[in-house]
Amino acid sequence: MPISTYAPSPIGISPQSTWFSPQSTWQESHPPTVSNSPNHISNFLPTAVTVPSTSPPSSQPPSHPQIQHLPASPTVDTSSTSTTPSQNQPLSLANSPPSCLDVHPTISSSPSPPPIPPPTRTHPMITRSQNQIFKPKQLYLAETPCSEIEPTCVSQALKDHRWRQAMSEEFSALVSQGTWDLVPSAPNQNIIGCKWVFRVKRGKDGQVERYKARLVAKGFHQKPGSDYFETFSPVIKPTTIRTVLSIAVSRGWKIHQLDINNAFLHGKIDEQLFMQQPAGFIDPNLPHHVCRLHKSLYGLKQAPRMWFRELKDFLVSHGFTNSRSDSSLFIFHHAANWLYVLVYVDDILITGSSPKAIDNLITAMGSKFSLKNLGQLDFFLGVEAIQTNSGLFLSQRRYIQDILQRTGMEKAKAASTPLSSTTTLRQLSGHSLTDPTVYRQVVGSLQYLSLTRPDLCFAVNRLSQFMHSPTDAHWQAVKRVLRYLNGTKFHGLLIRPQTSLSLHGFSDADWAGDKDTLISTTGYVMYLGSNPVSWKATKQRAVARSSTEAEYRALAAASSEVVWVCNLLHELGVYQSTPPVLYCDNLGATYLSRNPVMHSRMKHIAVDLHFVRDLVDQKILRVSHISSKDQLADGLTKPLSSNRFISLRSKIGVTDGSSILRGHVKERISL
1 MPISTYAPSP IGISPQSTWF SPQSTWQESH PPTVSNSPNH ISNFLPTAVT
51 VPSTSPPSSQ PPSHPQIQHL PASPTVDTSS TSTTPSQNQP LSLANSPPSC
101 LDVHPTISSS PSPPPIPPPT RTHPMITRSQ NQIFKPKQLY LAETPCSEIE
151 PTCVSQALKD HRWRQAMSEE FSALVSQGTW DLVPSAPNQN IIGCKWVFRV
201 KRGKDGQVER YKARLVAKGF HQKPGSDYFE TFSPVIKPTT IRTVLSIAVS
251 RGWKIHQLDI NNAFLHGKID EQLFMQQPAG FIDPNLPHHV CRLHKSLYGL
301 KQAPRMWFRE LKDFLVSHGF TNSRSDSSLF IFHHAANWLY VLVYVDDILI
351 TGSSPKAIDN LITAMGSKFS LKNLGQLDFF LGVEAIQTNS GLFLSQRRYI
401 QDILQRTGME KAKAASTPLS STTTLRQLSG HSLTDPTVYR QVVGSLQYLS
451 LTRPDLCFAV NRLSQFMHSP TDAHWQAVKR VLRYLNGTKF HGLLIRPQTS
501 LSLHGFSDAD WAGDKDTLIS TTGYVMYLGS NPVSWKATKQ RAVARSSTEA
551 EYRALAAASS EVVWVCNLLH ELGVYQSTPP VLYCDNLGAT YLSRNPVMHS
601 RMKHIAVDLH FVRDLVDQKI LRVSHISSKD QLADGLTKPL SSNRFISLRS
651 KIGVTDGSSI LRGHVKERIS L
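When you line the sequence shown up against full-length UniProt numbering, it's residues 1 to 671, in that order.
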């Protein structure tokens, strides 16, 4: 409401005047005193009232009105009709509204209002926080102090007592195991160099577990034919890991994890090798002597092979047999007892039907090798394994978060699919990158994610085809994959218990999908029950002249995988009562696998033709037709639309593990 001012009336003002405001009635025995500024609003305000400026904003700072004291302080009448003044009672405006005229009197006699009850919840939805379920705190993403930088040379490490202690522990372990002895050097000796490698070992939550210093031999100084001969050493296949885990979960077996300390030091070498004394630990009495190696050392060409031979001999001596399907799988079978041992260098998984037999094996291994018993499967090869009521959930969220941090994409907008279904990647799309190193590093990192993420299989395979000469268009496609990962970082592979461990698969092909070479793409996925255990997306080796030919080539590749998995299951004691079924959505390829016909257009793929047909004739597998909308391998051959991709993603085993991971954190906190 606008404020009106006035000048003193020429006829005067009555000694007793009544003043009205919207809320109060004021009684005054004297008229207001007129100041030098007759129109100033402060002339008409009671004592201790500050009036905010009501003038429009300007470039000059606002001028606050001066407080003017009236001859007699007005009093507050609690009744709007009463005319009896209250003498010498100041007005309190501490809780008054900002309006300069809406003055509320202070009423001390009114009773306090009753407390307002809390609002009742009527919405049916219950939030996660009300159930005391919170997102896990990624402490390892933010708490990495600068003092934990890994040294790059011995001089840096010697300045920190933690690294000095780690070096002493490593050197003491080498000496106690009789890794070498000191001998005088000779002119005809090929003396191998060595160096210290420093690593900060962290747990799955990112916290520092220990400081590791490892003495590594410079194997590139070795000469083939004299210093080493054979170097190959097997590691467990991802399909074998998923198959064994699926069997263990379905049968309710416990899965134990071991870590061998200084595994390569247990291997004995057959060749005569000489190495320099390690820096920082040179014998002062024999400074010019060299180390004659008796056991293998990290960095030697033959070190992995020697360690695997040592472990294999130990397991075979305890009744295990080496699998013919996977050399890193060892199987023990006696009566109704089964034990499986999976070896990936120095990381070992043990599962089986007899907990007592597992404990006996761990005890025997501990007496032979220095090891750490890590208990139940929790974190293996960078994969987090979480036991739930629904099964075993495998997640690589920490690895995904590391990739997003390295590329600066942790705050990027999420994408619904890894690749766009409307954009075709070509060899010459865009401009060549000046430095393709980052592209190759990121794509190489993405390849490891396909261990638990079949939804990334085709995208990674497609982006890997441009490693030799990537362009900015290819880099944009990589960034889209990273955006997709940012929105699905908590997704993983859920292995559920199965009542039936029957094997079946889906085979598909994208005919002439590569627009540069017109080569087709093969994709297949194999299931043990409802758990996916094997999948692949790859380019075919030759151009297919028809869609039937492309589908049949994919069918032949999938058939090879079915035969291998069947042999693996047979060794594991999982027998198939009926031949595995391979589903194909091409009628021509399905008919060719069943009928002994030879078309002129199929002569050049006679090997694949007869390979699949012989498997069908011998009842090793069955080929069955399926509609394209039910083809689960469709996402492994080409980019799909968002709706189609999301509908197939859950069917190939990829599950959103947000609630599983939060529940896991809640469990750990309660313990």
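C-beta: ideal position from N, C-alpha, C; glycine also.
On a predicted model such as this, the values are computed, not experimentally measured, just so you know.
{"Query": "Within the continuous beta strand (DSSP E) that includes residue 153, where are the two ends?", "Result": "Per DSSP, residue 153 belongs to no beta strand (DSSP E) and is neither H nor E."}
{"Query": "Taking the runs of the beta strand (DSSP E) that are 3 residues or longer, which of them lie wholly in the region 221-265?", "Result": "255-260"}
{"Query": "Cα-Cα, which of 361, 273, 222, 595 is closest to residue 316?", "Result": "361"}
{"Query": "Roughly how many angstroms separate the alpha carbons of residue 503 and residue 529, rounded to a whole number?", "Result": "6 Å"}
{"Query": "Can you tell me whether residue 606 is helix, strand or coil according to DSSP?", "Result": "helix"}
{"Query": "Relative to the alpha-carbon of residue 213, which residue among 260, 164, 363, 549 has its alpha-carbon at the smallest distance?", "Result": "164"}
{"Query": "Going by CA-CA distance only, name the one from 562, 609, 534, 277 that's closest to residue 553.", "Result": "609"}
{"Query": "Considering only DSSP beta bridges, list what residue 386 is partnered with.", "Result": "393"}
{"Query": "With a threshold of 8 Å, are at least 3 pairs of Cβ atoms found where one atom belongs to the region 382-396 and the other to the region 265-275?", "Result": "no"}
{"Query": "By how many angstroms is the C-alpha of residue 282 removed from the C-alpha of residue 167?", "Result": "13 Å"}
{"Query": "On the DSSP bridge list, what partners appear for residue 280?", "Result": "According to DSSP, which records beta bridges pairwise, residue 280 is partnered with nothing at all."}
{"Query": "How far does the alpha helix (DSSP H) with residue 511 in it reach, from first residue to last?", "Result": "Careful: residue 511 lies outside any alpha helix (DSSP H) and carries neither H nor E."}
{"Query": "Can you give the Cα-Cα distance for residue 185 and residue 305, rounded to whole angstroms?", "Result": "27 Å"}
{"Query": "Kindly identify the DSSP beta-bridge partner or partners of residue 201.", "Result": "210"}
{"Query": "In this structure, does DSSP put residue 655 in helix, strand or coil?", "Result": "strand"}
{"Query": "Got a sec, what are the start and stop residues for the beta strand (DSSP E) residue 531 sits in?", "Result": "531-539"}
{"Query": "Taking the DSSP output, what are the residues bridged to residue 372?", "Result": "259"}
{"Query": "If you drop the 5 nearest sequence neighbours on each side, which residues of the same chain put their C-beta closer than 7 Å to that of residue 556?", "Result": "608, 611, 612"}
{"Query": "Considering only residues of the same chain and omitting the five flanking positions on each side of residue 575, which have a CB-CB separation below 8 Å?", "Result": "569"}
{"Query": "Which first and last residues belong to the alpha helix (DSSP H) in which residue 165 is found?", "Result": "161-176"}
{"Query": "Indicate whether residue 329 and residue 342 have their beta-carbon atoms separated by less than 8 Å.", "Result": "yes"}
{"Query": "With distances taken from CA atoms, which of 420, 221, 515 is nearest residue 426?", "Result": "515"}
{"Query": "Spell out a yes or no on whether the region 226-240 and the region 297-314 are touching, meaning 3 or more CB-CB pairs, one atom from each, closer than 8 Å.", "Result": "yes"}
{"Query": "Smallest Cα separation from residue 383: which of 242, 648, 603?", "Result": "242"}
{"Query": "Quick one: grab the DSSP three-state call for residue 310.", "Result": "helix"}
{"Query": "Taking the C-alpha atoms as reference points, what is the distance between residue 472 and residue 523?", "Result": "27 Å"}
{"Query": "Helix, strand or coil: how does DSSP classify residue 570 here?", "Result": "helix"}
{"Query": "Find the nearest neighbour of residue 651 within the set 593, 224, 581, 526, judged by alpha-carbon distance.", "Result": "526"}
{"Query": "Tell me where the beta strand (DSSP E) around residue 269 begins and ends.", "Result": "268-275"}
{"Query": "Name the two residues that bound the continuous beta strand (DSSP E) containing residue 466.", "Result": "Unbroken run through residue 466: none, as it is neither H nor E."}
{"Query": "Could you pull the DSSP bridge partners for residue 690 from this structure?", "Result": "For residue 690 there is no data in the structure shown, the boundaries of the chain being 1 and 671."}
{"Query": "On the premise that residue 222 lies in contact with residue 247, defined as a C-beta separation below 8 Å, what is that separation, rounded to the nearest angstrom?", "Result": "With 8 Å as the limit, residue 247 and residue 222 do not qualify as a contact, their Cβ atoms being about 41 Å apart."}
{"Query": "Taking a contact to mean a Cβ-Cβ separation below 8 Å, would you say residue 207 touches residue 374 in this structure?", "Result": "no"}
{"Query": "How far does the beta strand (DSSP E) with residue 575 in it extend, from its first residue to its last?", "Result": "Element bounds for residue 575: n/a, residue is neither H nor E."}
{"Query": "Helix, strand or coil for residue 517 per DSSP?", "Result": "coil"}
{"Query": "In three-state DSSP terms, what is residue 104?", "Result": "For residue 104, the pLDDT reaches just 46, beneath the cut-off of 50, and the residue's location in the model is therefore unreliable, although a value from the coordinates is still provided. Residue 104: coil per DSSP, three-state reduction."}
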